[in-house]
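Chains as they are written, first to last, in the working numbering: chain A, 2 to 340; chain B, 365 to 658; chain C, 4 to 337.
The beta-carbon is built from N, C-alpha and C at its ideal position, and this holds for glycine as well.
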Amino acid sequence: MTSLLEVAEVSKFFPVGGAPGAWRRLKRRLTGGVEKLAKVHAVDGVSFVIKEGETVGLVGESGCGKSTLVRALTRLIDIGDGHIKLGAREVSLKPARVFARDRDRAKIQMVFQDAGDSINPRFTAFEAIADPLRRLRKLKGKALRQRVETVASQCGLPLQLLARFSHQLSGGQRARVGIARAIAVEPDLLILDEPTAALDVSVQVVILKLLQRLKQELGMSYLFVSHDLSVVKLLCDRVLVMYLGKIVESGPAVEVFEHPLHPYTQALVTAAPRLHESANKRLRLVGEPRSPIDPDPNVCRFYGRCPRGTDACRTTMPQLRSFGQRHVACHFAEEFLPI
Amino acid sequence: MTDLAVTSPHEWNPGALYRQVRYVLGENPITLIAFILFVLIVLAAVFGPHLVPYDPLASNTAEALRPPSAHHWFGTDQLGRDIFSRVVVATRLDFLIAITSVALVFLMGGLAGVAAGFFGGWTDRIVGRIADTIMAFPLFVLAMGIVAALGNTVQNIVIATAIVNFPLYARIARAEASVRREAGFVEAARLSGNSDWRILTFQILPNVLPILVVQMSLTMGYAILNAAGLSFIGLGVRPPTPEWGIMVAEGAQFMVSGEWWNATFPGAALMLAVFCFNLLGDGLRDMIDPRRRT
Amino acid sequence: MTSSVLSVEGLSVEFRTRSGIVHALENVSFTVSKGETVALVGESGSGKSVTAYAVMGILDPVARVTVGRIVFDGVDLLAAKRSDLAAIRGRAIAMIFQNPRTALNPIRPVGKQIGDMLIRHGKAPRRNVPEQAVEMLRAVGITDPARRAQAYPFEMSGGMCQRVMIAIALAAKPSLLIADEPTTGLDVTTQAVIMDLIKDLAGKMGMATIFITHDLALAGQRSDRVVVMHAGHVVETAPTAKLLAHPRHPYTAELIAATPDSAQNLEELAAIAGSLPDLRRTDLPPCRYSERCSRKIAACDQPLPQAFLGASHLVTCWNPLPSENASGTRVSAA
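Structural data, given as structure tokens:
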């Protein structure tokens with residue numbers, strides 16, 4: 002499999018309290034000083050690859066940087082450092098402001114978590130799906146209508162629902178509209194941000210199967226962001242675990258969940274409710290997460306919350322190390338390797 | 365939930381629109397009354413001048429200050445002019461003032477506000493400062509000042525009303541736009557290849573419209589009152605042009621001596637018009653906002 | 004029956020809406036014993052929240068209880084006087100909601116919100132209230148409680164807000180806590196901590212808990228008994244382990260089969276056939292699952308039976324799944 006998306010040392014920091022206003026910028030320029038701003042390290046040196054036809058999962062708790070990373074990958078925001086390559090082209094070079102008119106815009110698309118919020122309340126389902134086709138594929142009239150109907154059928158959306166507004170559709174139907182819109186322009190990479198989080202269990206099954214089928218039919222790659230580990234395990238080939246802006250573990254999904262190597266992954270996996278297991282044996286995390294504001298580059302991000310905390314954790318930032326197909330950023334990863 | 369007709373989904377559907385209008389009107393009897401009143405006002409404005417029994421400008425001092433009778437339904441004023449004819453003919457002028465003021469302030473204030481809310485930064489600052497400057501003055505005093513400076517014409521009354529209402533529209537539009545700036549559908553629109561300007565025009569503006577429409581109907585009432593107020597103090601329309609405000613002004617002095625009909629009928633017309641526009645606002649919002657549609 | 008804290012008997016609720024009468028609940032019955040944790044499980048539209056709201060007495064004004072009793076500690080809440088209810092609601096029965104940040108008053112510091120509760124239910128003399136509020140924050144595991152008591156909800160994380168809500172709910176030392184999807188929207192690790200906290204405090208206070216969720220796995224791990232609801236009916240009630248291992252109602256089995264955790268791969272995961280019936284219909288069949296059910300038989304057009312399988316396993320079905328041992332007793336009482 003060739004690599005479709007290559008993310009290398011991507012970082013995105015946000016100034017605390019918003020970007021400096023006009024006065025502050027002026028003041029800085031006048032005093033000639035480099036007034037140091039406190040920054041939130043939302044994404045810090047993240048690197049990974051998504052191959053063609055692969056489904057990669059991304060898990061992590063709120064505040065870990067997944068939404069920032071996702072926005073950067075869909076080119077809705079610019080990154081501070083590093084680069085993002087789609088195929089041979091470095092897409093991170095073009096500013097997010099103008100990327101909407103880029104020729105590769107259609108290649109990366111997204112399905113949003115809240116389908117209702119992601120559809121303009123004044124647009125019908127038809128108009129919502131037609132919008133990217135009009136803008137990116139320049140379709141009109143009959144050709145447009147045919148394409149919208151084809152895509153809607155592919156997503157299991159009955160054609161008479163196309164005239165409805167989003168508030169007239171059920172949760173599952175709205176999810177289908179969101180998916181139809183995203184795949185209408187035949188993207189190479191589809192990012193799914195918790196697409197089934199708001200859906201009932203039975204609807205979730207149908208949508209997950211639909212996503213699987215579409216992936217095979219259209220030959221896309223998926224980045225599947227979710228906090229539901231059991232769903233990630235079913236759908237994803239590989240999984241990335243993020244914590245406070247860094248990737249702490251990655252590898253084949255089943256292996257990572259069955260033999261997690263990083264203590265955070267272990268905590269996640271044992272905390273996730275399982276149908277046929279009791280709740281007793283979970284790895285308890287102590288303390289509060291570290292602050293993401295100007296973190297010490299030498300201290301492991303998980304230090305302080307991890308059940309283990311040694312001097313090594315405090316003085317050297319663990320790097321992502323490879324063990325076959327698995328990568329872990331922990332000084333003690335070897336202890337947990339399956340024999 | 366009633367289904368919209370199953371024609372080609374993106375064609376305009378007059379059947380559904382008609383049903384929608386009937387539904388809203390049927391739901392609330394007050395909206396229906398306001399709507400009927402509105403139609404009457406429009407009819408009076410359009411056809412009034414052709415249908416009135418007397419020439420509104422023709423004075424007949426022999427018939428001055430007659431109380432309401434079979435010949436003169438609303439009586440006559442101090443120059444013998446038929447008040448009924450004047451009240452009906454005045455509808456056209458007052459209605460026109462209302463409509464043009466509202467259209468002007470919607471364009472200026474609405475667009476400025478939406479741009480300020482969506483883009484933020486310098487656009488927001490400039491629009492904000494303009495609005496602040498306008499709001500620093502008592503509104504009626506400002507209107508007076510503008511008309512006094514530019515002259516007593518209908519255009520200037522319209523301009524003054526529009527300027528005075530600018531901050532309100534700008535503020536409403538800005539609030540709505542800045543809330544929606546973060547919405548999922550705006551990001552989805554970016555992913556679909558929409559530039560910022562397209563998003564502003566086709567995604568955000570249609571969502572801001574319903575709220576502004578309600579405000580517009582309230583402003584229509586205010587515009588008429590504003591014109592009437594300005595006329596009352598002599599800064600509005602000049603005599604002998606029939607206009608409700610100036611008629612109330614001229615008629616007020618006769619209230620004490622018992623000729624109540626001079627001021628009362630134009631005053632009642634004013635009141636009904638403002639009442640009608642206010643009630644219509646709610647009905648209009650129901651019609652436009654798809655979330656209220658079932 | 005061991006001391007039951009709450010007994011819902013034959014509860015039926017309907018909502019009068021513009022588009023018709025919604026038969027939200029029909030003949031819902033279950034009991035909660037002292038110190039027990041019962042999970043109320045179902046998909047959206049199953050009526051689980053309506054049931055909880057009915058118990059708390061906070062149903063929407065358009066709702067009407069048509070028949071049934073809600074017996075709490077010997078008192079029928081539906082027939083009680085308003086003055087008696089005020090003593091019970093919030094004091095003896097407490098509730099916590101989904102989305103903690105929006106359930107708290109955004110313009111009032113959290114310490115004061117706990118204090119309001121303490122004052123309302125007369126649990127402490129006024130001058131002791133701030134101190135006791137801080138103690139409650141400490142009891143729910145908030146670090147540096149004295150400082151946090153001055154904080155506003157928007158300054159706190161979702162998990163912390165949920166802890167505050169628990170503190171408020173437990174301020175009056177209730178004997179029953181109803182938790183409506185308390186951890187939806189929280190991270191998995193935070194979820195585990197919150198559920199542990201609830202279990203801990205419930206154990207210490209001898210409090211019974213009803214928690215409502217659509218997550219069967221969560222219900223499986225954290226409850227003693229599960230009540231499965233579908234379209235306003237209770238379809239099955241059983242001790243948790245038994246229900247998950249050997250479900251008797253076809254819907255329960257389908258629900259388990261649709262839970263991602265139960266499958267090894269995506270193909271194994273099974274969607275539930277059909278969809279919820281429209282509860283506004285006047286022609287709803289006696290079994291609201293029958294139109295979707297693969298095990299439907301002729302008898303399913305009859306009014307539903309209540310089959311008792313063992314002391315606490317109840318299923319309302321004419322054709323339940325066979326039990327693990329062939330000699331499952333089937334006692335039908337219409």
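Whether residue i touches residue j by CB criterion (8 angstroms)
| i | j | result |
| --- | --- | --- |
| V44 of chain C | L282 of chain C | no |
| G118 of chain C | P103 of chain C | no |
| Q155 of chain A | L215 of chain A | yes |
| V191 of chain C | L269 of chain A | yes |
| P264 of chain A | P319 of chain A | no |
| V50 of chain A | V226 of chain A | no |
| L236 of chain A | L269 of chain C | yes |
| V528 of chain B | G585 of chain B | no |
| V8 of chain C | D76 of chain C | yes |
| A181 of chain A | L158 of chain A | yes |
| G492 of chain B | A537 of chain B | no |
| A500 of chain B | I588 of chain B | no |
| P185 of chain C | F157 of chain C | no |
| I568 of chain B | R544 of chain B | yes |
| P177 of chain C | M198 of chain C | no |
| I169 of chain C | M59 of chain C | no |
Which residues DSSP lists as bridging residue i, in chain order
| i | result |
| --- | --- |
| A9 of chain A | A:H84 |
| L59 of chain A | A:V226, A:L241 |
| T212 of chain C | C:T40, C:L180 |
| G12 of chain C | Sequence inspection shows Glu at residue 12 of chain C; the Gly mentioned does not correspond to that position. E12 of chain C pairs with C:R72. |
| Q110 of chain A | A:L191 |
| H42 of chain A | A:F14 |
Chain-ordered neighbours of residue i on chain B, where CB pairs are closer than 9 angstroms
| i | result |
| --- | --- |
| A181 of chain A | Here the premise fails: no neighbours, minimum Cβ distance about 12 angstroms. |
| R26 of chain A | Result: empty, since nearest Cβ-Cβ is about 12 angstroms, beyond 9 angstroms. |
| T266 of chain A | Here the premise fails: no neighbours, minimum Cβ distance about 30 angstroms. |
| T1 of chain A | What the structure shows of chain A is the stretch from 2 to 340, and residue 1 of chain A is not part of that stretch, so it cannot be assessed. |
Per-residue contacts from residue i into chain A (C-beta, under 7 angstroms)
| i | result |
| --- | --- |
| S265 of chain C | L276 |
| S556 of chain B | D132, P133, R136, L137 |
| Q165 of chain C | The premise fails here: Q165 of chain C is roughly 13 angstroms from chain A at the closest Cβ pair, so nothing lies under 7 angstroms. |
| A261 of chain C | V202, S203, V206 |
Under 8 angstroms by beta carbon: chain C residues contacting residue i
| i | result |
| --- | --- |
| D201 of chain A | E46, S47, H217 |
| Q213 of chain A | L269 |
| K210 of chain A | L269, L272, A274 |
| R72 of chain A | Chain C residues near R72 of chain A: none, gap ~20 angstroms exceeds 8 angstroms. |
Closer than 8 angstroms at the beta carbon, the chain A residues around residue i
| i | result |
| --- | --- |
| A553 of chain B | N121, D132 |
| N571 of chain B | N121, P122, R123 |
| Q567 of chain B | N121 |
Partner residues on chain B for residue i, Cβ-Cβ distance less than 8 angstroms
| i | result |
| --- | --- |
| Q110 of chain A | L555 |
Partners in chain C for residue i, counting only beta-carbon separations shorter than 9 angstroms
| i | result |
| --- | --- |
| L245 of chain A | Within 9 angstroms Cβ-Cβ: nothing; L245 of chain A doesn't reach chain C, min ~13 angstroms. |
Contact set between residue i and chain C, taken where Cβ atoms lie within less than 7 angstroms
| i | result |
| --- | --- |
| A273 of chain A | V191 |
| R283 of chain A | A195 |
| S279 of chain A | Q224 |
For the stretch 529 to 548 of chain B, enumerate the residues whose C-beta is nearer than 8 angstroms to any C-beta of chain A, in chain order.
Correct list: A547, G548.
At which residue ranges does the stretch 566 to 598 of chain B contain complete alpha helix (DSSP H) runs of 4 or more residues, listed in the order of the chain?
Counting whole runs of 4 or more residues, the stretch 566 to 598 of chain B contains the alpha helix (DSSP H) stretches 569 to 596.
Which residues of the stretch 265 to 288 of chain C have a Cβ closer than 8 angstroms to any Cβ of chain A? Give them in chain order.
From the stretch 265 to 288 of chain C, only S265, A266, N268, L269, L272, A273, A274, I275 have a Cβ closer than 8 angstroms to chain A.
Which residue spans inside the stretch 219 to 265 of chain C form an unbroken beta strand (DSSP E) run of at least 3?
Taking only runs of at least 3 residues, the beta strand (DSSP E) segments lying wholly in the stretch 219 to 265 of chain C are 228 to 233, 236 to 242.
Using a Cβ cut-off of 9 angstroms, which residues of the stretch 210 to 241 of chain C contact any Cβ in chain A, in chain order?
Going along the stretch 210 to 241 of chain C in chain order, one finds H217, D218, L219, A220, L221, A222, G223, Q224, R225 with a Cβ nearer than 9 angstroms to chain A.
Output needed in chain order: residues of the stretch 50 to 79 of chain C with a Cβ under 7 angstroms from some Cβ in chain A.
Of all residues in the stretch 50 to 79 of chain C, none has a Cβ within less than 7 angstroms of some Cβ in chain A.
Runs of alpha helix (DSSP H) lying entirely within the stretch 128 to 194 of chain C, each at least 4 residues, in chain order
Those alpha helix (DSSP H) runs which fall completely within the stretch 128 to 194 of chain C and span 4+ residues are 132 to 142, 148 to 151, 161 to 173.
Going along the chain, which residues of the stretch 433 to 450 of chain B sit with their C-beta nearer than 8 angstroms to a C-beta in chain A?
Close to chain A, meaning a Cβ-Cβ distance shorter than 8 angstroms, is no residue of the stretch 433 to 450 of chain B at all.
By the 8 angstroms beta-carbon criterion, what residues does the stretch 217 to 241 of chain A contribute toward chain C?
Closer than 8 angstroms at the C-beta level to chain C, one finds these residues of the stretch 217 to 241 of chain A: H228, D229, L230, S231, V232, K234, L235, L236.
Mind listing which residues of the stretch 143 to 162 of chain A have their C-beta closer than 8 angstroms to chain C's C-betas, in chain order?
Within the stretch 143 to 162 of chain A, no residue qualifies.
Counting only Cβ-Cβ distances shorter than 7 angstroms, please list the residues of the stretch 83 to 117 of chain A near chain B, keeping chain order.
For the stretch 83 to 117 of chain A, the set of positions with a beta-carbon nearer than 7 angstroms to some beta-carbon of chain B reads A101, R102, R106, Q110, M111, F113, D115 in chain order.
Residues of the stretch 50 to 66 of chain A whose Cβ lies closer than 7 angstroms to any Cβ of chain C, in chain order
The residues in question are E62, S63.
Given a limit of 9 angstroms on CB to CB distance, which residues of the stretch 189 to 205 of chain C reach chain A?
Under the 9 angstroms Cβ criterion, the stretch 189 to 205 of chain C contributes L189, D190, V191, T192, T193, Q194, A195, V196, M198, D199, K202.
Give, in chain order, every unbroken run of the alpha helix (DSSP H) that is at least 4 residues long and sits entirely within the stretch 230 to 298 of chain A.
Taken in chain order, the complete alpha helix (DSSP H) segments of 4 residues or longer contained in the stretch 230 to 298 of chain A are 230 to 236, 254 to 259, 264 to 272.
Go through the stretch 440 to 481 of chain B residue by residue and report every complete run of the alpha helix (DSSP H) that reaches 4 residues or more, in order.
Scanning the stretch 440 to 481 of chain B from its first residue to its last, the whole alpha helix (DSSP H) runs of 4-plus residues come out as 447 to 469.
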